[in-house]
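Report on the following structure.
Protein chains: 4
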Amino acid sequence: MTQQRWQKNAEWPLTIAAIVFLVAYAWEVIADLEGVAGVTAESIIWATWVIFMVDYVANLALAPQRWGWFRGHIFDLLVVVLPVLRPLRLLRVITLLTVLKRTAGAAFRERVVVYVAGASILLVFVASLAVLDADRSAPNSNITTFGDALWWAFVTITTVGYGDFSPVTDAGRLIAGGLMLGGIALLGVVTATLASWIVERVAQQEEDSRVATHGEIRALVQQIAELQATLDATAKTESSRASTTGH
Amino acid sequence: MTQQRWQKNAEWPLTIAAIVFLVAYAWEVIADLEGVAGVTAESIIWATWVIFMVDYVANLALAPQRWGWFRGHIFDLLVVVLPVLRPLRLLRVITLLTVLKRTAGAAFRERVVVYVAGASILLVFVASLAVLDADRSAPNSNITTFGDALWWAFVTITTVGYGDFSPVTDAGRLIAGGLMLGGIALLGVVTATLASWIVERVAQQEEDSRVATHGEIRALVQQIAELQATLDATAKTESSRASTTGH
Amino acid sequence: MTQQRWQKNAEWPLTIAAIVFLVAYAWEVIADLEGVAGVTAESIIWATWVIFMVDYVANLALAPQRWGWFRGHIFDLLVVVLPVLRPLRLLRVITLLTVLKRTAGAAFRERVVVYVAGASILLVFVASLAVLDADRSAPNSNITTFGDALWWAFVTITTVGYGDFSPVTDAGRLIAGGLMLGGIALLGVVTATLASWIVERVAQQEEDSRVATHGEIRALVQQIAELQATLDATAKTESSRASTTGH
Amino acid sequence: MTQQRWQKNAEWPLTIAAIVFLVAYAWEVIADLEGVAGVTAESIIWATWVIFMVDYVANLALAPQRWGWFRGHIFDLLVVVLPVLRPLRLLRVITLLTVLKRTAGAAFRERVVVYVAGASILLVFVASLAVLDADRSAPNSNITTFGDALWWAFVTITTVGYGDFSPVTDAGRLIAGGLMLGGIALLGVVTATLASWIVERVAQQEEDSRVATHGEIRALVQQIAELQATLDATAKTESSRASTTGH
């Protein structure tokens, strides 16, 4: 079977696996599970990991040119082979964004907005989980409840950064770094979308000084073509008469 | 009577109700009212709530297709049916923005600026009230006077975030979240408006490399039309003479 | 004499007065002057105030329609009549920006950059002076040296906001507010200028899909005009011959 | 030999010198070298300085008009003649950006992105080294390990600014200032690039209302030229026949 078919069929299972993983992980972290419950959650998480692993191997096997696909998916490799690095495991959640991609509306700007909003919410949620997981048990850490973690993540992605909470472990700071980059991206996309919208609106308002469009140029082209036609007609009658008179 | 007429007539009463509500709420919170005064303020606030309630019901009753209107105004519903959540009550103030919309000038960019400036000031003012209301009495809260709340709100909406003050209650943090999003929007609109303005100015300056406008294209079209006319004329004289000579 | 002439002649004296004022103020604040030196600095500051006062009155007197000019210069009025509010005195420095306006280069974007850079530096410098002046003597204030004030101002205008220093007096917070707005403006202008520049560069690169310019349209118009001319010529020879043959 | 040839030949040696310098400096600072190791690192750093010095002198000597080149390279002068100011020494690293310039792809936006990403990473790395170097030994400084310095630099360039770490020495704050400006530039470029991209995508989508391009106008011009040609042909046959009939 081809890679296309595999990917088509694998999409939903992967999405569900990502959701299951996220739920299990959230449950484990927020409830700070111990004993049986903890083991259950962990095993669910590992089960989802197996699914991603299988998908990666299958893709590699079915890829028309393996080496090319491999080189183009180093990131997926990291996600799959380094599940030991707990924060990295969360990258699986990115699979969920593909859903957003589909569900999004037609107009480009709308799509961008939906996508960014979804990605930001997911990022904030995942980052708070991961930071709580990483920092909770650290000495002199101040992020110890999910509420605080969520608050910290929001304060960080908006680049406000009160500093009432901040990660102290390396893992926590790595996650924070990702969150800050997310914040810059968020700010950038919001501004850029607004700019493109305002530029458009301003143009629409002052109708006459509106930018010339492809459509208008096409109209022009067509008009001139007709002109050409008439001219050719005239030329023909000319020459025909020319011959008759010449005779 | 139609929904349009209702909305037209209801606009001013609602605006006034929103102002009265805001004043009463500000008075109650800033003065930290007790006893009779407190009861008075509360009853005024509830009175304004009744007005909004009536408006919502009337709209629902007069809407041509009820279900459609209902689905399109979930937000209004929340504002009306959840006044118990004190912060949510403040959303009524949004009514005031409709006034801004009208009073604003003609040019699109000017309108955006006026609107955003007004919305930001309102947001800062309302958020400081709400945070003070939520956090004042909380243990180990550091926002205890309106001055501090105002300062905190300003530091937050500009995304500076010193952290000398920050909310500790869930309600307070919810409000802070709204304020931060407002800050990102503010930053975005300011930048976007400036961008659209600079792009325009740059274009105007280098007259010759200015973008071609709708107006210019229209001129072209007209010019070519005349050309066509002359050509048709020539063609006619041609053919007429063709016949005479043919004769 | 006309208002134009007055303003032309007054420009340099005002600029110098603003510089003198700034130097005297900086000297007074940084050195925390007492006794004779303090009195000297204060009197210099008041002297400069007189100059601004005179300029305002003269403008009002010479204005073609007084009321219109008055309404359009409320801000200048505040600067002049409220020198008691120490922070407000600093607004005189705005006069210096007019110099920047002149010295700036031709191209619009370059001018914007020079102007914003100059304004930001001035803002940071003035704000640190004012905050130091306002907070130094306040209880539990942490801005006590000019170095700290400068550092604080820079951290604030870039919206980083560590919170290691922050004003505690109302005057100080007022100044901080101005500085934060300055920061948002700074961020906005930098981004907007970059955007307009990148959009331009991208367009230049892909020559063919470059936006159609005014210049190109002008060329087109001219080309069609020539076409029209040739056509008219043909038409004339036509008709003339038509008459000859008709004869 | 000409300046061009010198610069062409000097480019790689300078790049390597910058890398060697950076490595030696990083090694010295991170490992907080003492004794022999410290002396070794220092001497390597001075050796690289000599290379930059030689390059500067050679450029000055080979420049067609010395004075012009000198005036246009004050910055290089500072880098070379003030190596005593330890932070300034780091400016040599800027040489590395020239490599980025070359390695970057074709499309303008891609190039901008690569360039900015590279510059930011370099800036963060260098700034953390410099701040650690400057603040480590200062009393009541809180940046004492490279990990903390890196974290601080990242928190600063993203303008989040928790304030859990912040420099206390003048040198450290100078570096921080540069980092903050870098942050504003970063934010600006990200947003601007996104804006230019979104504007383009939106335009592409709504094909018909796409902006008229240079290419389309060129097509038009050509079309009209052909029209002119036909017309001239007609005119010629006209006149020729005119003469024959006239005969």
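Residue numbers (the working numbering), protein chains in the order written: chain U, 28 to 274; chain G, 28 to 274; chain S, 28 to 274; chain C, 28 to 274. Ideal Cβ positions, reconstructed from N, Cα and C, are used throughout, including at glycine. Only a predicted model underlies this, so the values are computations on that prediction, with no experimental measurement involved.
Is residue i buried or exposed, if buried means 16 or more other CB atoms sit within 10 Å of its CB?
i, result
"THR220/U", "buried"
"GLY275/S", "Because chain S spans 28 through 274 in this model, residue 275/S falls outside it and cannot be assessed."
"VAL77/G", "exposed"
"ILE184/U", "buried"
"HIS274/C", "Reliability of the predicted coordinates at HIS274/C is poor, the pLDDT of 48 falling under 50, and the value obtained from them is presented with this limitation in mind. By the neighbour-count rule (16 or more Cβ atoms within 10 Å), HIS274/C is not buried but exposed."
"VAL226/G", "buried"
"TRP94/C", "exposed"
"GLY62/U", "exposed"
"GLU137/U", "exposed"
"LEU124/C", "exposed"
"MET28/G", "exposed"
"LEU254/S", "buried"
"ASP191/S", "buried"
"VAL248/U", "exposed"
"LEU156/C", "buried"
"PHE102/G", "exposed"
"LEU105/U", "exposed"
Going by C-alpha distance, which of the options is nearest residue i?
i, options, result
"ALA74/G", "ALA88/G, ILE57/G and LEU49/G", "LEU49/G"
"PHE79/U", "TRP54/U, ASP59/U, ALA64/U and LEU117/U", "LEU117/U"
"VAL108/U", "TRP94/U, THR122/U, VAL84/U and GLN30/U", "VAL84/U"
"ILE121/C", "PHE135/C, VAL143/C, TRP179/C and GLY62/C", "VAL143/C"
"ASP59/C", "ILE244/C, ASP259/C and ALA161/C", "ALA161/C"
"SER164/S", "ALA180/S, VAL63/S, PRO194/S and THR125/S", "PRO194/S"
"GLU52/G", "LYS35/G, SER70/G, PRO40/G and ASN36/G", "What sits at residue 52/G in the sequence shown is Tyr, not Glu. It is SER70/G whose Cα lies nearest to the Cα of TYR52/G."
"VAL182/G", "GLY205/S, VAL158/S and LEU177/S", "GLY205/S"
"SER147/S", "PHE135/S, GLU137/S, ALA134/S and ALA180/S", "ALA180/S"
"ALA154/G", "PHE173/G, ASN169/G and PRO166/G", "PHE173/G"
"GLN34/C", "LEU214/C, LEU177/C and ALA90/C", "ALA90/C"
"GLY210/U", "SER223/U, TRP224/U, LEU201/U and VAL187/U", "VAL187/U"
"ASP82/S", "ALA37/S, TRP224/S and GLN92/S", "ALA37/S"
"THR196/S", "ALA212/S, LEU213/S, THR218/S and ASN167/S", "ASN167/S"
"GLY199/U", "LEU213/U, LEU87/U, TYR189/U and ASN169/U", "ASN169/U"
"LEU177/U", "ILE57/U, ALA45/U, ALA222/U and PRO40/U", "ILE57/U"
"GLN30/U", "ALA45/U, ILE72/U, ASN86/U and ILE43/U", "ASN86/U"
Tell me which residue opens and which closes the alpha helix (DSSP H) that residue i is part of.
i, result
"VAL143/G", "135-162"
"LEU118/C", "Segment: none, LEU118/C is in no alpha helix (DSSP H) and carries neither H nor E."
Below 7 Å on C-beta distance, what does residue i contact in chain G?
i, result
"ALA222/C", "ALA222"
For a contact meaning CB atoms closer than 8 Å, what does residue i contact in chain S?
i, result
"GLY65/U", "What GLY65/U touches in chain S: nothing, since even the nearest Cβ is about 38 Å away."
"ILE18/C", "For residue 18/C there is no data in the structure shown, the boundaries of chain C being 28 and 274."
"ARG228/G", "PHE135"
"MET207/C", "PHE181, VAL182, THR185 and VAL187"
Show which residues of chain U have a CB atom less than 9 Å away from the CB atom of residue i.
i, result
"THR186/G", "THR185, THR186, VAL187, GLY188 and LEU214"
"ASP82/G", "The contacting residues do not exist; ASP82/G stays about 30 Å from chain U at best."
Quick one: which chain C residues come within Cβ less than 8 Å of residue i?
i, result
"VAL158/U", "The premise fails here: VAL158/U is roughly 13 Å from chain C at the closest Cβ pair, so nothing lies under 8 Å."
List the residues of chain U that residue i touches, going by C-beta distances under 8 Å, in chain order.
i, result
"ILE251/G", "LEU247, GLN250, ILE251 and LEU254"
"ASP191/C", "GLY190 and SER193"
"THR218/S", "THR218"
"GLY204/G", "PHE181"
When you compare the CB of residue i with every CB in chain B, is at least one pair closer than 8 Å?
i, result
"VAL50/U", "No chain B appears in the structure shown, which is made up of the protein chains U, G, S and C."
Which bits of chain G does residue i rub up against, with CB to CB less than 9 Å?
i, result
"LEU258/S", "LEU254, THR257, LEU258 and THR261"
"PHE152/U", "Per Cβ cutoff of 9 Å: no residues; PHE152/U is ~13 Å from chain G at best."
Report the neighbours of residue i on chain G: residues whose CB is nearer than 8 Å to its CB, in chain order.
i, result
"ASP197/S", "GLY174"
Can you pull the chain S neighbours of residue i, defined as C-beta to C-beta under 7 Å?
i, result
"TRP178/G", "ARG200"
Please list, in chain order, the chain S residues whose beta carbon lies closer than 9 Å to that of residue i.
i, result
"ARG163/C", "The premise fails here: ARG163/C is roughly 18 Å from chain S at the closest Cβ pair, so nothing lies under 9 Å."
Could you tell me which chain U residues have their CB closer than 7 Å to the CB of residue i, listed as they occur along the chain?
i, result
"VAL139/G", "ILE225"
**Request:** Please go through the segment 31-115 of chain C and give each complete alpha helix (DSSP H) segment of 4 or more residues, from N-terminal end onward.
**Result:** Taking only runs of at least 4 residues, the alpha helix (DSSP H) segments lying wholly in the segment 31-115 of chain C are 62-89, 93-99 and 101-108.
**Segments assigned beta strand (DSSP E), at least 3 residues, entirely inside the segment 154-219 of chain G** = If you keep only unbroken beta strand (DSSP E) runs of at least 3 residues inside the segment 154-219 of chain G, you get nothing at all.
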